[in-house]
Every structure is written in structure tokens, then in C-alpha cells.
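Note that the sequence shown covers residues 8 to 625 in our numbering.
Quick reminder that beta carbons are idealized off the backbone N, C-alpha and C, glycines included.
What follows is a single structure, written as C-alpha cells, with notes after it.
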Amino acid sequence: MEHWDRRTLLTGGAAAALAALLPAPLRAAESRGDWAYYGGDEGATRYSPLDRIRRNNVGNLKVAWVHRAGDASPRTTMECTPVVADGVMYLTTAMVQARALNAATGEPIWNFNPAPDSRRAPGVNRGVTYFEDGRDRRIYTAIRDKLYALNARNGEPVRSFGDNGIVDLTAAFDHDMAGLDFRSSSPPVVFEDTVIVGGGGGEGPRPAAPGHVRGYDVYTGKRKWIFHTIPRPGQFGYDTWNKDSWKRNGGTNNWAGMTIDRKRGWVFVSTGCAAFDFWGGDRIGDNLFSDCVLALDARTGKRVWHYQTVHHDVWDYDLPAQPALLTIRHGGRSRDVVAQVTKTGMLFLLDRETGKPLFDVEERKVPASEVEGEMLSPTQPFPVKPAPFSRQIVNEDLVTDISPEARAFALKRLRQLEGGVPYPAPSLRGTIFSPGTLGGALWGGCAFDPASNLLFVNSSELPSIITLVPGKEGDPFKFSHTGYEKFVDHEDYPAVKPPWGHMTAIDLATGEHAWREILGEYPKLVARGKKNTGTFQLGGAIATAGGLVFVAATADEKIRALDTQSGKTLWEHKLPHGGYATPCTYEANGKQYVVIACGGGNRQRTPAGDEFVAFTVG
């Protein structure tokens, strides 16, 4: 069934009447059939123990319902993964309205529009956070520079939280935020009585907000603690920057989400690069805590440990996904670990208690810079295992061969550039590097199957080109750049040889790749006989006890189910618009469902949409 609804949905008595239909008594939010967290669970394993949909019946999956949000425009997209608790689905729409649906039917229950008079596309939002304490059930959602607390039953703001249900994320920041952009695109996390929020702004070449992480009282909205991702005088890591960097530099933000280890009482945070992205002459040093996996005490915000994956980042190699908290079989015993996927195509597997890598990591020499004022780190960390899941180099042998015209176009551009090796120095001539600023991996992260000890990562092959230019008088930085350039051919396809997108399964006991399969294809190339090229990936995967990996993410606008053991595609379905998000799966009324947001648009340049599509076995 398909549900069309108004821009403003049910309010007042109508909402209350539908809210009364919610299942009672309510089940615990972490019950077996729920998808109660953005990453599936608090550790973002993106795994479900449900197995009603399995290898031998996944071919029977049919559309169960379609909910159309009704607010798409040519400039909108959706990266939302819905959460499901107590038979209710909570999500954000293309215009970032928070909404509740009946998870079994897709019927709307309530809607909250934070900006009813705005027609401006609000940017990316990846969903909401569900919280319950006895009869108090709430939805927390960070929309641009505000944190909202909503009553989960009716969508009304919780007036006792902040200012009538809203906390201004530009306040209580320990930084002058005048004129600085700040936004939070991923759901916050909650530990005990603290809601923890990340976020940040642009990364230059202009002044940027720092990415400090903050904890707020879950009931009142009062700030409880702050962790400075750019250290202040006297704080650990201050000496990895120029003396006054904390006053003027920004970035090092957590835009990709966080995870909670409830047993240890820790929150795990992934951070991005410092601003500005491609020149660091005003921030000499390793720049802690940029590009770090951070373990913080969730009650106080105090640092427990950190691990830096890129030193003095000038490639926009943000850590793009939540740290995944896994319990794996390794070295003949059970180990609690942190798995961090990266834009660089490397997987860092860290001991959760100490931050020490499980596999050796080598500090290898990388090129130096010839740009005035720049001082790059002489080495960068390379895990010995697992092997990278994306290519690390670009050369003429790897240039596209899909047509003579494409190859000639790409070779001409490549021969104008420097680089092509890991961590090349950005230059005024132009520097190419792979993976590019879009990965490798992105915010879809990874999914883990505890039965097989396999980790699944979908990733892209799309190198970037950065060309520095001298800054103009009055600019905040000595150098700027000509823009984010992708290494593409004359038709805008990646200018390296296919495959351009794939799924990799990694055995976490051995660090070896168990299998690797091409993911997606471009319809126009298929019409010319160029099949199985893979496509750029935008969105992530989930794994289930049914022996399946579900993933959309591809430019051909399909969702697929892969066999966890072989990677073979067992089922696929053409979506109404591109599913550039991560699916969720849950149980309702005795059936297992898989749901994907179909927002289209985004960097895939396909038509925009606003549907949420649910599948179940017919």
C-alpha cells in the first residue's frame, strides 16, 4: 500500500487518537525484533538476529508498503535510517521533518516540522534517537544547529527540555560562534541521563567552527560536559598544534555519529580533519584530535584513549562513520574491539579497552610538501592487515578502458597532475589521490555478522584532484583551492578502470578478505554492453541472522540481498528513487520487514524522491 500525506500531518485530537492505537503494553526498546538505534544497536554493528527472511526465501520478498513523505524537491535527499521501537517507526523526511509511522503498515501517526515556513532544503540528516525511561519515551533529533526533544507518543516538544524542547547547539560552545556555520547531521546518542551530540561546520577555505563534543542532561537540556577536539592550553594534545590554533582553527568534528559501550560507560567518537582541508601551514603538527577514534567517559567527557588514523590531514580524510563496537573471535579467544572504516580504504581494528591495534600498523614514509609554510607528517599509519578495501594508487595502467574516448580524456588529465601515490602532497600544479574525498568507505560504515566473524564494507573507487591556489588579500588562509574535483571521464564516470563499487567481506580473525563482489552498474553503460562496472556507493549495509546482507547505495537505484558466505546476489529490486541510505530491519505483527529510504538525488545525480519502502516475504 502507498500512503500520501500532507506537508503538515496529524495534530491535536487526531494525533492523540492514532497514538492510542500504539501497542500496549509497550515492549522494551531493545527487544529482539526492534531496530532501536541508528546503527541497529548501541555499538553500530548493523546486525539483526532476525531470520524470518533468509537465503531460501529472500527471493519471495515483496513490497509491503510505501510511505511517501510528500516533501521532496530537486535539491533534497534522504540519508535517514529509521529506528523502530514498540511497533513504531521514527524517521526524518526529505525536508527533515520528524515523523512516526505504524511499522507494520506505514500509516502516519504524527509529524513534527521544525521549520514550517521554510522552503529551503535543510541539508543532510541521518535520523533520530529513541529514548525511554519508564513511561517517559522521547525522540531526540539534531536538525542543523538545534537539538530537539519530542514526545515519542505524539511528536510534541518536551517543554521541560532546553527552551521549550530545543537546545541551541551554537550556545555553550566555549568558542565565539559569530558568523560560523554549525550543523549536526547524525543522530545523538544517550547514555544514562546524558544525551551526547557531535557536529561541525564547513572545513574551509574560510573560518570554521571546531567540532567539540558535548553532553547534555537528557531531561533538562543543560550542558553537563564538553570535550575540546582542538585542545586548549594545558590540555592533552595542545602541543600538536600551533600555539594559538585553538582560537582560530576549526574542524576536527564528529559529523558521522557515535557509539556507546554501556558496560564500560564510554562513548566512542570518530572525528574529521582540521580546517582548512588541504593546507595546514597554520596548524603545524599532528593536530590531535583530528582523524581520531576517541574513547571518552560518557559521564564526564574525559578522554580514556585515542588513536589517530591520519597525521596532519590535508586530504579531507575524515573518519566517515561511527566506530563499530564488536565482539569477535581473534587469536583463539573472544575480543571486544573497535572497527573503524575510513575514506582511505583502510580498516583499523583496535582493542576496545586500550586502543591498541590488533594487527600491526606500520608508520610508512610519505611525500613531503613543497608548498610555502606547509609541513606534512613524514609518515602515516598503514595497517598490515586487513588489506585495503579500496585502491591506494592511480597510474596510467589503472586509467579507465571503457572506451577509447574515455581513456584518452582521462590520460590527458592524469598527465597534468602530481601524486597518484598514498598521501601525496597537495600542490599548485594539481594533485591526484586515491581513494578520494568521498572514499573508500563513507558514512554507511560497516556491518558485522557474529556467526561468521565477517565484517562487510561497501566502498567506492573515485579518486580526487586538489589544486591549491594562493589566497587573496584578506583571505583567512595563505592558500585556497580551485574546488573539489573528481577524476572522471568526459561523461562523468570514474576515470579509473572498473569496478567502481564493491562489497568486501573481511574475516576479522585472520584479517583476510573472504570475498569481494561488484556492486551496481550504470544503466546507460549497460545499454552499450558495459555491465558489472560497479557504481559509486552512497549508503551502507546491514547483516542478519538469515545469512543475508542488505544494501542499496548504488546509482542504479536498486536494493540487493547478498549471501553472507559467498557475496552472491540472491535478490534485487528497483526502487522508486535511489536508496542512498542504510536500510533497517525489524519485526512487526509476526513478520520481518526491511525498509530503505528512497531520497534519490545527492551525489548520484538521480531524481530526488521522498519514499520509505518496506519489504516482507509475501
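- Message: Quick check: is any heavy atom of the ligand ATP less than 7 Å from the C-beta of Thr576?
- Response: This structure lacks the ligand ATP, and indeed carries no ligand of any kind.
- To the nearest angstrom, report how far apart Gly288 and Lys479 are at their CA atoms. One-based indexing of the sequence shown puts residue 288 at position 281. One-based indexing of the sequence shown puts residue 479 at position 472. The straight-line gap from Cα to Cα measures roughly 16 Å.
- Where the alpha helix (DSSP H) containing Glu412 begins and where it ends: The residue you call residue 412 lines up with position 405 of the sequence shown. That run of the alpha helix (DSSP H) goes Pro411 to Leu421.
- Task: Please state whether DSSP places Lys598 in a helix, a strand or coil.
- Result: Walking along the sequence shown from the start, residue 598 turns up at place 591. Here Lys598 sits in strand by DSSP.
- Task: Buried or exposed for Arg423, please, with buried defined as at least 16 other CB atoms from any protein chain shown within 10 angstroms of its CB.
- Result: Working through the sequence shown from its first residue, we reach residue 423 at position 416. The identity of residue 423 in the sequence shown is Gln, whereas the question assumes Arg. Exposed, by the Cβ-count rule.
- Query: For Arg127, which three-state DSSP category applies?
  - Reply: Reading the sequence shown from its first residue, position 120 is the one you call residue 127. Arg127 sits in coil when the DSSP states are folded into three classes, being neither helix nor strand.
- Task: Check each candidate in Ile267, Thr361, Arg213 and Val620 and name the one with the smallest Cα separation from Val311.
- Result: Taking the first residue of the sequence shown as 1, we reach residue 311 at position 304. Checking every option, the nearest Cα to that of Val311 belongs to Thr361.
- Item | Top-ranked residue by Cα proximity to Val165, from Val276, Arg145 and Ile439 | Here residue 165 refers to the residue found at position 158 of the sequence shown. Here the closest residue by C-alpha is Arg145.
- Query: So, Val464 versus Thr407, is the Cβ gap smaller than 8 Å?
  - Reply: Indexing the sequence shown from 1 puts residue 464 at position 457. Indexing the sequence shown from 1 puts residue 407 at position 400. No, Cβ-Cβ distance for Val464 and Thr407 is not below 8 Å.
- Message: Taking a contact to mean a Cβ-Cβ separation below 8 Å, would you say Leu462 touches Ala346 in this structure?
- Response: Translated into the one-based positions of the sequence shown, residue 462 becomes position 455. Translated into the one-based positions of the sequence shown, residue 346 becomes position 339. Going by C-beta atoms, Leu462 is nearer than 8 Å to Ala346.
- Query: Any idea which residues DSSP pairs Arg144 with across the strands?
  - Reply: Counted from its first residue, the sequence shown places residue 144 at position 137. In the DSSP output, where bridge partners are listed per residue, Arg144 has Glu139.
- In whole angstroms, what separates the C-alpha of Arg342 from that of Phe455? Residue numbering aside, residue 342 sits at position 335 when the sequence shown is read from its first letter. Residue numbering aside, residue 455 sits at position 448 when the sequence shown is read from its first letter. Distance between the alpha carbons of Arg342 and Phe455: 14 Å.
- Query: When you compare only the Cα positions, how much space is there between Thr613 and Ala76?
  - Reply: Stepping through the sequence shown from its first residue, residue 613 is reached at position 606. Stepping through the sequence shown from its first residue, residue 76 is reached at position 69. The alpha-carbon atoms of Thr613 and Ala76 are separated by roughly 18 Å.
- Query: Can you tell which of Pro393, Tyr500 and Leu582 has its C-alpha closest to the C-alpha of Lys537?
  - Reply: Taking the first residue of the sequence shown as position 1, residue 537 is located at position 530. Looking at the Cα atoms, Tyr500 is the closest of the given residues.
- Query: Do the segment 249-266 and the segment 518-533 meet, that is, are 3 or more Cβ pairs less than 8 Å apart?
  - Reply: no
- Message: Suppose contacts are defined by Cβ-Cβ distances below 8 Å. Is Gly47 in contact with Ile472 by that definition?
- Response: Locating residue 47 in the sequence shown gives position 40, counting from the first residue. Locating residue 472 in the sequence shown gives position 465, counting from the first residue. No, these two residues do not count as a Cβ contact at 8 Å.
- Measure the C-alpha to C-alpha separation of Pro457 and Leu515 and round it to an integer number of angstroms. Numbered from its first residue, the sequence shown carries residue 457 at position 450. Numbered from its first residue, the sequence shown carries residue 515 at position 508. About 10 Å.
- Item | Leu301 versus Glu468, Asp268 and Tyr593, residue with shortest Cα-Cα distance | Along the sequence shown, read from residue 1 onward, the residue named residue 301 stands at position 294. Comparing Cα-Cα distances from Leu301 to each of Glu468, Asp268 and Tyr593, the minimum goes to Asp268.
- C-beta contact flag for Gly607 and His580 at 8 Å: Position 600 of the sequence shown, counting from 1, holds the residue named residue 607. Position 573 of the sequence shown, counting from 1, holds the residue named residue 580. Result no, Cβ atoms of Gly607 and His580 do not sit closer than 8 Å.
- Throw me the rounded Cβ distance for the Glu468 and Thr266 pair, which I believe falls under 8 Å. Within the sequence shown, the letter at position 461 stands for residue 468. Within the sequence shown, the letter at position 259 stands for residue 266. About 28 Å; that fails the 8 Å criterion.
- Message: For Arg126 and Gln104, what's the separation of their Cα atoms in angstroms?
- Response: As a first step, residue 126 must be located in the sequence shown, where it is residue number 119. As a first step, residue 104 must be located in the sequence shown, where it is residue number 97. Taking the straight line from one Cα to the other gives about 12 Å.
- Simplified DSSP state of Asn249, which is helix, strand or coil: What you label residue 249 is simply residue 242 of the sequence shown in a count that begins at 1. Three-state DSSP puts Asn249 in coil, outside helix and strand.
- Item | Per-residue burial, Glu210 [other beta carbons within 10 Å of its own, 16 or more giving buried] | The sequence position of residue 210 within the sequence shown is 203, counting from 1. Burial call: buried.
- Message: Let me make sure I understand the geometry here. Which of Thr589, Ile409, Glu381 and Arg414 has the alpha-carbon closest to that of Ser487?
- Response: Within the sequence shown, numbered from 1, the residue matching residue 487 stands at position 480. With distances taken between Cα atoms, Ser487 lies closest to Glu381.
- Query: With which residues is Asp367 paired in a DSSP beta bridge?
  - Reply: Taking the sequence shown and counting its residues from 1, the one referred to as residue 367 is at position 360. Asp367 is not bridged to any residue.
- Message: With a threshold of 7 Å on Cβ separation, who are the neighbours of Leu356 within its own chain once the five nearest residues in sequence on each side are excluded?
- Response: Indexing the sequence shown from 1 puts residue 356 at position 349. So the qualifying residues of the chain are Val344, Ala346, Pro364, Leu365, Phe366 and Leu515.
- Message: Along the chain, where does the beta strand (DSSP E) containing Lys504 start, and where does it finish?
- Response: As a first step, residue 504 is located in the sequence shown; it is residue number 497 there, counting from the start. From DSSP, Lys504 is part of no beta strand (DSSP E); its letter is neither H nor E.
- Task: Inspect the CB distances between the segment 430-449 and the segment 313-325 and report whether three or more fall short of 8 Å.
- Result: yes
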